[in-house]
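Just so you know, we're using the working numbering here: the sequence shown kicks off at 4 and counts up by one.
Built from N, CA and C at the ideal position, the CB exists for glycine as well.
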Amino acid sequence: MKTQSQPTKTGYWVARIVIAMLVLLCGSKPFAAEVEPNDNRQQANLLNLSPGGAAIMSGRVSPLKDLDFYSISIPALAGPGTLVVTMTPTGSDHELDARVQLLNASGAVLVDKDDGSDNRAETLSYSSVAANSIYFVVCRSADLFIAGSGEYDLRVELLQPRPNLVWYQPSGWSDKLVVSKTVGTSMDGSNLTTTNILFLDLALANIGALATAGPFSLDLMLDGTVIKSWFVNQSVAVGGILGVTDYPLGPLAAGNHTLKLVLDPAGSIGESIETDNEFSKSILVVDDDPDDQLAGAPDLGQVLRTLTRSGTVSSPTDVNLVSFTVASGQRLSFDLDDAEGWDPYLRLFDSKGVELASNNDGPGPGEEPTLESYIEYTFAVGGTYFVGVSGAGNRNYDPITGKGDTSGSTGGYKLVISPGLAGMITPPGSQVGKLVDVLRFGVPPMRISVTQQTWVVIHGWTSSRDAENISDLTSALAQAQPEDQVLTLDWSQAADLLVGPFSAESAIIPVAQWAAAALTHAGFHGASLNLVGHSFGSYVADEIAKRIPGGVHTIVTLDPAADVPGGFNPTANDEIDFNRDSFFSWSFHSSSAGNEFTPATADEAFIVESGLNTLSAHGNVVFLFAYMILHPDEMISHFFRLSALLTGTPGPWVPDQFTSSFLLDAPVTGYEAKLTSKDSGKVPSLLQFVPLPSVSIFMTRDGLAVAWLASYTNFVLQSSPVAAPTASWVDVKATPVDIDQARAVLIDPSGAGRFFRLKQR
């Protein structure tokens with residue numbers, strides 16, 4: 004039995020009367036109806052598009068041959084739009100066979116839609132709608148005999164092109180978010196444990212109809228908390244894909260965890276669909292403590308480059324051991340970083356558990372003293388070794404049995420194992436440390452020597468030591484100077500694409516501060532250092548040189564980067580001066596992505612014209628320099644022999660004869676020559692310069708004379724008792740005498756055996 008009150012029959016009829024009156028007063032449709040006559044384009048009813056791009060109208064085709072015209076005015080668009088027109092029969096007799104057409108402003112039919120059935124909605128679509136134009140919709144009947152009521156509803160939608168960013172699963176990936184235990188894989192890992200560092204791969208794609216037009220960010224969340232944000236300051240083209248690979252995470256505590264990716268959390272990009280910007284994934288992490296024994300230590304493999312491993316000493320007696328493999332004669336460093344608030348201890352063991360080294364509170368290269376620990380060790384015999392992290396009070400445990408623990412402090416850390424010099428920097432505005440390291444060229448990287456002539460190659464933004472052009476240059480230097488040592492300085496974590504150029508530029512000084520301190524700590528002197536930098540790496544090179552007592556021997560800079568708004572300005576207050584900070588320097592300016600002012604601070608500066616687009620010209624100048632040093636006997640390359648650089652020997656050109664002229668360049672006349680390149684800018688094809696005046700030495704009846712063309716009026720004669728690189732040039736005090744087209748100086752007999760040159764005033 005129903006317990007609620009029931010309406011009376013009288014109340015029921017009253018309600019129906021009220022509803023009927025509302026229908027009479029308001030009409031049967033919640034939107035506008037056509038206004039007759041509208042039988043041609045001149046009489047067309049105007050359809051006003053809403054802010055969302057839609058218009059709705061009701062109408063009636065009556066009599067049978069009636070044509071209902073509607074006009075649509077298209078506003079400004081970011082690109083070609085799409086019109087979707089739907090004519091839906093609404094008559095109760097179900098007799099209308101709807102036919103709908105789209106016409107352009109001239110009356111030409113663009114689309115004609117009729118499927119031949121009564122009482123069925125007809126929808127047409129036209130995807131080449133032009134901005135600021137007029138279109139006409141014609142609603143009519145396709146029937147030949149039966150008219151029916153002819154009633155219909157008309158809906159018109161204007162779909163504007165917009166980007167649509169979604170999380171994307173590239174071919175070969177196991178998911179849109181891949182969680183693995185090793186780098187270099189795109190498949191999900193299994194059996195994730197509390198000792199694993201996880202490596203995340205993620206990718207996004209623009210499946211919309213328009214490229215993104217502004218910066219946006221990506222968030223990675225762990226269990227509801229944002230743990231990483233990436234800033235994207237580049238346009239993502241239609242169909243474009245952008246990704247992050249091998250982002251390290253963890254180790255994580257045991258249990259179920261939810262990883263969530265959020266695209267454009269601030270809503271900076273207007274998208275066609277705003278509801279597909281998130282992707283979540285659950286992972287299970289199981290407790291798998293190796294129990295402080297060598298037998299259970301995770302294996303890091305052969306140390307061919309700097310490795311980082313985060314961990315936690317979770318209890319006073321906990322020890323975290325890892326194994327690794329080295330080659331005979333290899334020297335490794337072991338550095339504990341990010342160990343704030345506790346006192347960690349480092350121990351190094353051979354495969355039998357014999358302690359080889361230990362340390363407490365030792366600072367790494369370029370670091371101030373802290374409670375963190377540091378070890379360097381040269382392995383005379385190749386094989387497998389182990390390093391253990393514990394609290395400082397727990398320093399005598401047995402790595403074979405796992406016994407003998409005593410209580411120590413606890414906390415998290417990052418262990419950095421490197422075959423070179425390695426450390427962490429924290430750029431301005433960042434809360435996360437970035438790895439920086441210096442490695443010797445070769446596989447495996449062997450011990451860095453401080454007694455050899457040394458080259459240090461430094462990459463720029465969105466690059467690394469593994470970039471093709473940087474790798475090519477490093478190899479070329481090693482081949483051209485087989486007796487020298489070639490190192491690479493890698494700061495790619497601080498210069499990553501998603502970091503953006505502004506943050507990367509702000510990292511230049513912290514990177515240089517660390518590198519200068521690390522090189523000095525290792526025992527290097529400036530006289531043995533030759534720095535080669537590309538793009539932002541050019542400024543890292545000069546900032547290192549400024550911090551080495553006495554500067555460095557040589558600097559070569561390859562298209563030093565244009566300034567961007569950030570925490571570093573290369574042209575302010577003489578911040579960059581390659582000549583000042585080295586014995587001798589070259590600089591090559593190859594694109595509008597480069598800076599026209601800073602190259603001119605080098606002893607010799609050169610313009611490189613390749614005819615390439617800006618980014619290619621900016622990057623391929625590295626290949627060009629590598630080619631020239633590998634082919635020193637070719638016609639153009641011999642002007643750029645490394646022997647001339649190392650001895651500080653100027654080229655045969657009059658200084659400051661060429662002016663920068665790339666797009667947006669200021670006209671800086673500080674360049675000695677102009678290089679033209681071919682083969683994608685990688686091979687020199689032409690060298691233009693104004694030659695220095697030649698000097699003639701001859702005997703006259705009055706003694707020894709030195710002469711040159713009188714047209715070179717802005718040069719002074721200098722002499723030295725020895726040649727470069729130890730030359731000591733002084734001006735010759737004798738007054739020149741003009742003889743016909745020559746200018747000559749008589750030399751005292753004591754001048755015999757000296758060297759002479761002309762130097763521009």
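* Asked: According to DSSP, is F759 helix, strand or coil?
  -> strand
* To do: Report the three-state DSSP secondary structure of F337 (helix, strand or coil).
  => strand
* Measuring CA to CA, which of V289, V288, T188, V392 is closest to Y250? -> The shortest C-alpha separation from Y250 is found at T188.
* **Where K549 sits in the DSSP three-state scheme** => helix
* The alpha helix (DSSP H) enclosing F505, as first and last residue numbers -> 504-509
* If we count Cβ pairs, one from each stretch, closer than 8 Å, do we get three or more for the region 240-257 versus the region 202-217? -> Yes, the region 240-257 touches the region 202-217.
* Asked: The alpha helix (DSSP H) spanning H621 covers which residue range?
  -> 617-633
* Under 7 Å Cβ to Cβ from A620, same chain only, skipping five residues before and after it: list those, please. => S593, S594, S613, G684
* Neighbourhood of A520 by C-beta distance below 6 Å, restricted to the same chain and skipping five residues each side -> Taken in chain order, the residues that qualify are G369.
* DSSP three-state call for H641: helix, strand or coil? -> helix
* To do: For N472, write down the residues that DSSP places opposite it in a beta bridge.
  => According to DSSP, which records beta bridges pairwise, N472 is partnered with nothing at all.
* Less than 8 Å separating the beta-carbons of V159 and L127? -> no
* **Own chain partners of Q484 with C-beta closer than 8 Å, once the 5 adjacent residues on each side are dropped** => Q456, W458, L645
* If you draw a straight line from the C-alpha of L264 to the C-alpha of M224, how long is it? -> Going from the Cα of L264 to the Cα of M224 covers about 6 Å.
* Quick one: using the 10 Å Cβ neighbour count with 16 as the cut-off for buried, is V453 buried or exposed? => Exposed: under 16 other Cβ atoms inside 10 Å.
* For R143, verify whether its CB is less than 7 Å away from any heavy atom of the ligand GDP. => Looking for the ligand GDP in the displayed structure turns up nothing, as the structure carries no ligands at all.
* Asked: Grouping DSSP H, G and I as helix and E and B as strand, with all else coil, what is R764?
  -> coil
* Could you tell me the distance, in whole angstroms, from the CA atom of A518 to the CA atom of F444? => Going from the Cα of A518 to the Cα of F444 covers about 17 Å.
* For L27, three-class secondary structure by DSSP -> Bear in mind that the predicted position of L27 carries a pLDDT of just 34, short of 50, making it unreliable; the figure below should be weighed with that in mind. The DSSP-derived three-state label of L27 is helix.
* Please list the segments of the beta strand (DSSP E) lying wholly inside the region 241-268, counting only runs of 3 or more residues, in order along the chain. => 244-252, 258-266
* **Own chain, CB closer than 8 Å to G30, minus 5 neighbours either side, in chain order** => Low confidence applies here, because G30 scores a pLDDT of 41, under 50, leaving its location unreliable and the question unanswered by this model.
* **DSSP beta-bridge partners of W517** => According to DSSP, residue pairing for W517 in a beta bridge does not occur.
* For H260, is the classification buried or exposed, using 16 other Cβ atoms within 10 angstroms of its Cβ as the cut-off for buried? -> buried
* Asked: Smallest Cα separation from S714: which of K681, L707, L761, A669?
  -> L761
* To do: With DSSP as the reference, label N576 as helix, strand or coil.
  => helix
* List the whole-angstrom C-beta distance separating G415 from T320, where the pair is believed to meet the contact cut-off of C-beta under 8 Å. => Approximately 17 Å separates the beta-carbon atoms of G415 and T320; this is outside 8 Å, ruling out the contact.
* Where DSSP assigns a beta bridge to H537, which residues make up the other side? -> L561
* Asked: Is I20 helix, strand or coil by DSSP?
  -> Unreliable placement is indicated for I20, whose pLDDT of 32 sits below 50; no coordinate value is reported for it.
* Asked: Would DSSP call A214 helix, strand or coil?
  -> coil
* Asked: What are the start and end residues of each continuous beta strand (DSSP E) run of 3 or more residues lying completely inside the region 343-375, in chain order?
  -> 347-352, 358-362
* Would DSSP call S326 helix, strand or coil? -> strand
* 8 Å contact criterion, which T215 and I272 should meet: CB distance rounded -> T215 to I272, Cβ: 5 Å. Contact.
* Using the Cα positions of K284 and G227, report the straight-line distance between them to the nearest angstrom. => 12 Å
* Length of the line joining the Cα atoms of L27 and D69 -> For L27, the pLDDT reaches just 34, beneath the cut-off of 50, and the residue's location in the model is therefore unreliable, although a value from the coordinates is still provided. Each residue's alpha carbon lies about 26 Å from the other.
* Is L221 helix, strand or coil by DSSP? -> strand
* Per DSSP, cross-strand counterpart(s) of Q305 -> Answer by DSSP bridge pairing, in chain order: T328.
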